[in-house]
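A.B. asks: What follows is a single structure, and I will ask about it in a moment.
In my numbering, the protein residues as written are 96 to 324.
Spelled out as C-alpha cells, the structure:
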C-alpha cells in the first residue's frame, strides 16, 4: 500500500483496525461467534475465488449454511463482512513487526528481514491477497485506516534503518527503504505463482539478501557523503 504524501498526515496509530458495525440482534455470544466464523470463512473463500463484487449475500449464505433470513443478525452487510475479514487476517497484530525484530540484540539484519517476511508471507497471505483485490471496493474511511496502518509501520521502521545505515536524521532514503520492505510483504502472496518450482526458502533468502544489500549500499553512500575530519 503506497503511503505517499506529506509526513504527519492521518496521524497513524499502531494496531488500528477497520470499524465493524454494531450488530446485536442475538444475545447468545457463543452462537454469534460461531455463526460469524461460518460467514467469514465462507466469504473469504468466495471473495478470493469469485471476487468481492461478484459475490452476493445469497452466495455467502449458501456456502456458510447460515439462513438468509437470519444472516443480518450477525453482520450488517457485505462491506461489514469484508471489514471483519481484513481485521482478522490483515490488521491483526499476530506477529512482531520488523521494527520490533530489529530491536532484538545479536540478530543479523538479513535474518530479521527473512523471519519477518516468512511470517508475513504465511500468516498474512490470505489477508494480503484479499486487501489488494478489494481496495477498489473499500469505503473512504477504510482506505484512510489502511494508509494510517502502513504509515505507522514505516514511521516505526525508518529510524531503525537510519540508525543502522548511519544516515542523517533528515535523509528520506530510510523512509523509502522502509516503504519498500513493507511492500515486499505482498511479493510472495501476489507473485509466487510466477516462480513455481523454486524452493520457498531460496526465494525468501534472495529477497532478504537484496534488502540487506540495499541497506549496506545506503550505509556506504552515507559514509561517502560525510566530510573528512
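Where is the CB? At the ideal position from N, CA and C, for every residue including glycine.
Computed from a predicted model, the values in this text were never measured in an experiment.
#1: For residue 281 and residue 253, which I take to be in contact (beta-carbon distance under 8 Å), what is that distance rounded to the nearest angstrom?
#2: Candidates 255, 286, 285 and 283: which alpha carbon is nearest residue 271's?
#3: Would you decide whether residue 121 is buried or exposed? Buried here means 16 or more other CB atoms lie within 10 Å of its CB.
#4: Have a look at 262, 220, 207 and 149 and flag the residue whose alpha-carbon is nearest the alpha-carbon of residue 196.
#5: Go ahead and pull the three-state DSSP assignment for residue 190.
#6: Where does residue 149 fall in DSSP's three states?
#7: Nearest-angstrom Cα distance between residue 103 and residue 243?
#8: Use the C-beta contact count for residue 153: other C-beta atoms within 10 angstroms, 16 or more gives buried, fewer gives exposed.
#9: Taking a contact to mean a Cβ-Cβ separation below 9 Å, would you say residue 113 touches residue 240 in this structure?
#10: Taking 9 Å as the cut-off, decide whether the C-beta atoms of residue 136 and residue 159 are in contact.
#11: Are residue 170 and residue 131 close, meaning C-beta to C-beta below 9 Å?
#12: If residue 260 sits next to residue 308, beta carbons under 8 Å apart, how far is it from one beta carbon to the other, in whole angstroms?
#13: Identify the continuous alpha helix (DSSP H) that holds residue 174 and give its terminal residues.
#14: List, from N- to C-terminal side, the beta strand (DSSP E) runs of 3 residues or more that fit wholly inside the region 184-257.
#15: Going by DSSP in three states, residue 136 sits in which element: helix, strand or coil?
#16: Taking the Cβ atom as the reference point for each residue, do residue 189 and residue 127 lie within a distance shorter than 9 Å?
C.D. replies: To lay it out plainly:
#1: Taking the first residue of the chain shown as 1, we reach residue 281 at position 186. Taking the first residue of the chain shown as 1, we reach residue 253 at position 158. Their Cβ separation, rounded to whole angstroms, is 19 Å, which puts residue 281 and residue 253 out of contact at 8 Å.
#2: Looking up residue 271 in the chain shown gives position 176. Selected option, being the one with the closest Cα: 255.
#3: Here residue 121 corresponds to residue number 26 of the chain shown, with the count starting at 1. It is exposed - the Cβ of residue 121 has fewer than 16 other Cβ atoms within 10 Å.
#4: Within the chain shown, residue 196 is the residue found at index 101, counting from 1. Here the closest residue by C-alpha is 207.
#5: Translated into positions along the chain shown, residue 190 becomes position 95. In this structure, residue 190 counts as coil in the three-state DSSP scheme.
#6: In the chain shown, residue 149 corresponds to position 54, counting from 1. Reduced to three states, the DSSP call for residue 149 is coil.
#7: Stepping through the chain shown from its first residue, residue 103 is reached at position 8. Stepping through the chain shown from its first residue, residue 243 is reached at position 148. For residue 103, the pLDDT reaches just 34, beneath the cut-off of 50, and the residue's location in the model is therefore unreliable, although a value from the coordinates is still provided. Answer to the nearest angstrom: the Cα atoms are 10 Å apart.
#8: As a position in the chain shown, residue 153 is number 58, starting the count at 1. Result: exposed.
#9: Numbered from its first residue, the chain shown carries residue 113 at position 18. Numbered from its first residue, the chain shown carries residue 240 at position 145. Yes, they are a contact pair.
#10: Position 41 of the chain shown, counting from 1, holds the residue named residue 136. Position 64 of the chain shown, counting from 1, holds the residue named residue 159. Taking 9 Å as the Cβ cut-off, residue 136 and residue 159 qualify as a contacting pair.
#11: For this step, residue 170 is matched to residue 75 along the chain shown. For this step, residue 131 is matched to residue 36 along the chain shown. In this structure, residue 131 lies closer than 9 Å to residue 170 by Cβ.
#12: If you number the chain shown from 1, residue 260 lands on position 165. If you number the chain shown from 1, residue 308 lands on position 213. About 12 Å separates the two Cβ atoms, so there is no contact after all.
#13: In the chain shown, the residue the question calls residue 174 occupies position 79. Boundaries of the alpha helix (DSSP H) harbouring residue 174: 173-181, taken from the DSSP string.
#14: Listed in chain order, there is nothing to give.
#15: Taking the chain shown and counting its residues from 1, one reaches residue 136 at position 41. Residue 136 falls in the helix class under three-state DSSP.
#16: Taking the first residue of the chain shown as position 1, residue 189 is located at position 94. Taking the first residue of the chain shown as position 1, residue 127 is located at position 32. No, the pair does not count as a contact, with Cβ atoms beyond the cut-off.
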